[in-house]
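Single-structure report; data block below.
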Amino acid sequence: MAALQASPPSQPDAATQLPSSPQPRPPDQLAVALPPETLAALQGLARDPKALSQCLKQLLPSSTLGERKRLELALSAAPPRAPAPAPPAAPLSLPSWWRVVHSPRVIVRSLPSTSAKPLGALCTGECVAVAEVRRLAGVPWARLAREECHSLHENLVRPGSPPAEAWVLLDGACLGLAALLLPAPPALHPPRALWELTHRLYDEAARPRADRVCLVAPPARVSYGRVCAAAAPEGAPPSYLSYWLAHDERASATPLGGAAAARRRAAAAPRLAIAVLLRGASRGNVAAWVGYHLAVGFETLYMYFDDPADAACEAAEGFGRRVHATRCTARFWREQRAANAFFEQPAREGICAANLERGDVQSKQAAVVQAAVELARAAGVDWLLHCDIDELWYSPLPHAQRDAPSVFAAVPDGVGQLIFHNHEAVAPYADVSCWFSEMRYFKVHPAFCRSRAVNERNQARDNRYRQAREQLDEKHEAYSGVQSPEVLAQLEAEEDEMGIGFLLEDSSDEDELDTTISQLQYDRAVRLRQKVEPADRLRERRHSIRELYKAGHTAAARDEYKLLKKEQGKKAVAFSYFLAHMQGKAAVRLRPSPNAPPYDHAPLAGVHCWDRVVGTTHSCEGHGAPVILHYANAGLGYWVRKYEMLTRDPVWGEGRQISLKGLSRLVDSIHQMNAAGESKKLPDQILGSRPVSVQGMHHVAAALVKSEEKQLLEGLYKQQHCMVDMLPVLASHGLLVEINWPSTLLAEITAAHGTLPSSI
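The opening position of the sequence shown corresponds to residue 1 in UniProt numbering, with each subsequent residue numbered one higher.
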């Protein structure tokens, strides 16, 4: 600001001064009283003389009108001045720095003045971090912490934008109002890790890479005043919906391999194995998957390559005898048809053979896992886990991060099956190369948002469901998740007899989660300009259904709930919490104890769970529960290859993994858009104008792959799978966690050996 950086003013002679008429101060002397950030902001108001005049009057109450006018002229004539770089934000540890909004609506402004530019508004119950409190002209103002600006200042969505100041009036007495912000009680203070993760994600959303989502807008602010019935972690605010904590993750001090691993294997610890069917994964990701699971304590990996010519098979074979790599040739399938127990099930033989003949992926998975069961039983394996090539077994507890057998050793003797819930990874950008090193943010499974009582009732229902299915399947044909009407009728009758009704649907925790997700869906649909109806009053509707059930009208309540789900399915998908499966994966016990012979009969393999299990089924829950990390749709390239494989069959139709009914119509509509010149629109605009259901999103993705519309395909992937704009608000609810252990472990293995060796 050249006009404000001139030489110091000359002092007039004392004899010529008139005491009764003080000389006006020059502009540069007034500017010294203002910080550089404030001067830069005032220059931005130079085009609005009225607002600039009012701000100067508030900031310099002791100045005269003439002095302020000269300063206005100097600010208008000065060249644009960038504010000094903001110092690193100090850690917010003092309770007085957290304030809760007491008034229904509090305006946030760019300067501590009631006439300054409004940046946004705070609502009752919101908890914000305050960096400082300043009293100007007797009026108390609070400057919000730098991180709080991310959700308020629209300019922060542009790369390179400097941090903006945000001011809030603390006491509205000068306006005839009561207190606006009050000190927040300790119960509302967000955990340090939660607060840091949320605002680090705001930083990433505010400065996106060029290949990230097409439309990045500040998500809606989060109110910390809502009530959740789930057992939240200690110190978490009431809006923290999940009790699963990944920020307790610590690097284990146990050395990698060596004598410690030898002593562990020499003891009577359970012997663990994994079975997997894979296709289309790169050599690097296959090597990382193998190296990780061998390092955490799985002794043997049974890997079946659906494509016999898959180049990644060589990477698996390089790990030596601990990896059994099998190429699924035509000869292999003929041998399985003759001896595999999967094809010998009563009343299912024809269905299983037909599914395999038409290339059903889940049937292939069940068949190869059943083959792995026999190999594992013969090798003396205690537990066999089935998971996919894009899934990792993980425990957040330090002692178990390198020692998976210790988790299985603690399982009671009467438990024959362990179910691990799955967290879903979020792609940070489109060009992901190594899934397990680059993807570190995960959406928490809804099971960790429910109370213990609800999860126990769900487990009781699942156990009774499996028993009923095993009994009735001996008489009725049922397979691949399509259950016979008799099974469903018996299940509903048993639920009514037990008095548990809908189980999940009767939970206030589930209600809170669904209501939150529904509101996030509506908010994002508005930002993406999708044509949607206003969000339904989901909470009241679900409450009325529960009351209807409690009154004894079980059948009517169930019908009402099914209708509600059907109506929700017709809404546009602006945001879907989980885009892949939520059933988790299961491990089955093959023998009662280490060194004991296997059970007389083998369990029956399934995709997400096992049948004919000896013992009960237990779901792993709690804040430190082991989980499956699902790297679903990891990277645009892998996502495209998946749909290319799924849509390659020309006779693809109903009954497959995804239904492509109406595929040709969608492809035709895309070509019509191209002919009309609409392809020049931004991808988010085109996709936002085409609302579809969750299932329909698979149809759209498959149609875009078929039509080879690369721009639209990339836009859909970034909008639905990267969703950088949704991550901060999910983290603030405890629905998004950061997990770095797989990346850390793989980096340690590579640094120690130079590669991923077979001697792990």
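All residues carry an ideal CB built from backbone N, CA and C; glycine is no exception.
Keep in mind that this is a model prediction, so the values were computed, not measured.
Other residues of its chain near residue i: CB distance less than 8 Å, five sequence neighbours each side excluded
{"i": "Gly172", "result": "Ser103, Ala178, Ala179, Leu180"}
{"i": "Glu299", "result": "Arg265, Arg271, Leu272, Ala273, Arg322, Val381"}
{"i": "Ala338", "result": "none"}
Burial state of residue i, where buried means 16 or more other Cβ atoms lie within 10 Å
{"i": "Ser732", "result": "buried"}
{"i": "Glu72", "result": "buried"}
{"i": "His153", "result": "Any reading at His153 needs caution, since the residue's pLDDT is 40, under 50, leaving its predicted position unreliable; the model's value is listed next. Classification of His153: buried, given that the 10 Å Cβ count is 16 or more."}
{"i": "Thr198", "result": "buried"}
{"i": "Asn422", "result": "buried"}
{"i": "Leu65", "result": "exposed"}
{"i": "Leu294", "result": "buried"}
{"i": "Glu644", "result": "exposed"}
{"i": "Ala752", "result": "exposed"}
{"i": "Thr124", "result": "exposed"}
{"i": "Gly606", "result": "buried"}
{"i": "Ser62", "result": "exposed"}
{"i": "residue 834", "result": "There is simply no residue 834 to check, as the chain begins at 1 and stops at 760 in what is shown."}
{"i": "Arg331", "result": "exposed"}
{"i": "Pro186", "result": "exposed"}
{"i": "Leu182", "result": "exposed"}
{"i": "Asp559", "result": "exposed"}
{"i": "Leu277", "result": "buried"}
{"i": "Glu344", "result": "exposed"}
{"i": "Leu56", "result": "buried"}
{"i": "Gly715", "result": "buried"}
{"i": "Leu60", "result": "buried"}
{"i": "Pro112", "result": "buried"}
{"i": "Ser93", "result": "Note on Ser93: pLDDT 41, under 50, position unreliable in the model; the coordinate value appears next. That one is exposed."}
{"i": "Ala269", "result": "buried"}
{"i": "Leu563", "result": "exposed"}
{"i": "Pro396", "result": "buried"}
Cut-off 7 Å between Cβ atoms - residues of its own chain near residue i, not counting five sequence neighbours on either side
{"i": "Cys434", "result": "Gly284, Asn285, Ala288"}
{"i": "Gly653", "result": "Summary for Gly653: the model assigns pLDDT 38, below 50, so the residue's position carries little reliability, and this model does not support an answer."}
{"i": "Leu746", "result": "Ala288, Gly291, Tyr292, Phe436, Ser437"}
{"i": "Ala367", "result": "Gln336, Asn340, Phe342, Leu356"}
{"i": "Tyr577", "result": "Lys443, Ile517"}
{"i": "Cys313", "result": "Phe305, Ala325, Arg327"}
{"i": "Pro140", "result": "Val133, Leu170, Asp171"}
{"i": "Ala316", "result": "Val286, Val290, Met303, Val323, Ala325"}
{"i": "Lys117", "result": "Arg109, Ser110"}
{"i": "Thr616", "result": "Gly414, Val415, Gly416, Asn463"}
Beta carbon of residue i nearer than 8 Å to that of residue j
{"i": "Ile419", "j": "Cys609", "result": "yes"}
{"i": "His386", "j": "Ala273", "result": "no"}
{"i": "Val168", "j": "Ala142", "result": "yes"}
{"i": "Leu735", "j": "Ala587", "result": "no"}
{"i": "Glu391", "j": "Lys706", "result": "no"}
{"i": "Val407", "j": "Val737", "result": "no"}
{"i": "Gly280", "j": "Lys710", "result": "no"}
{"i": "Arg68", "j": "Ser53", "result": "yes"}
{"i": "Arg105", "j": "Ala121", "result": "yes"}
{"i": "Cys127", "j": "Ala77", "result": "no"}
{"i": "Ala131", "j": "Leu119", "result": "no"}
{"i": "Cys722", "j": "Ala425", "result": "no"}
{"i": "Ile739", "j": "Arg440", "result": "yes"}
Nearest-angstrom beta carbon gap, residue j and residue i [assumed within contact, 8 Å]
{"i": "Ala447", "j": "Glu621", "result": "6 Å"}
{"i": "Arg334", "j": "Pro308", "result": "Between Pro308 and Arg334 the Cβ distance is about 13 Å, and since that is not below 8 Å, they are no contact."}
{"i": "Leu201", "j": "Leu636", "result": "So it is not a contact: roughly 21 Å between Cβ atoms."}
{"i": "Trp244", "j": "Ala625", "result": "7 Å"}
{"i": "Gln519", "j": "Phe575", "result": "Contact doesn't hold; Cβ gap of about 10 Å is too wide."}
Within-8 Å CB hit, residue i to chain C
{"i": "Ala580", "result": "Included in the structure is just one protein chain, with no chain C present."}
Other residues of its chain near residue i: CB distance less than 6 Å, five sequence neighbours each side excluded
{"i": "His324", "result": "Tyr302"}
{"i": "Leu713", "result": "Leu704"}
{"i": "Val614", "result": "Gly416, Tyr599"}
{"i": "Thr750", "result": "none"}
{"i": "Gly297", "result": "Asp403, Ala404, Pro405"}
{"i": "Cys174", "result": "Val139"}
{"i": "Leu730", "result": "Leu736"}
Near the ligand GDP: residue i beta-carbon under 7 Å from a heavy atom
{"i": "Glu317", "result": "This structure lacks the ligand GDP; in fact it carries no ligand of any kind."}
With a threshold of 8 Å, are at least 3 pairs of Cβ atoms found where one atom belongs to the segment 401-414 and the other to the segment 425-432? no
Is the segment 371-382 touching the segment 592-606 in the sense that three or more CB pairs, one from each, lie closer than 8 Å? yes
Pairs of beta-carbons, one from the segment 624-642 and one from the segment 588-597, closer than 8 Å: are there three or more? no
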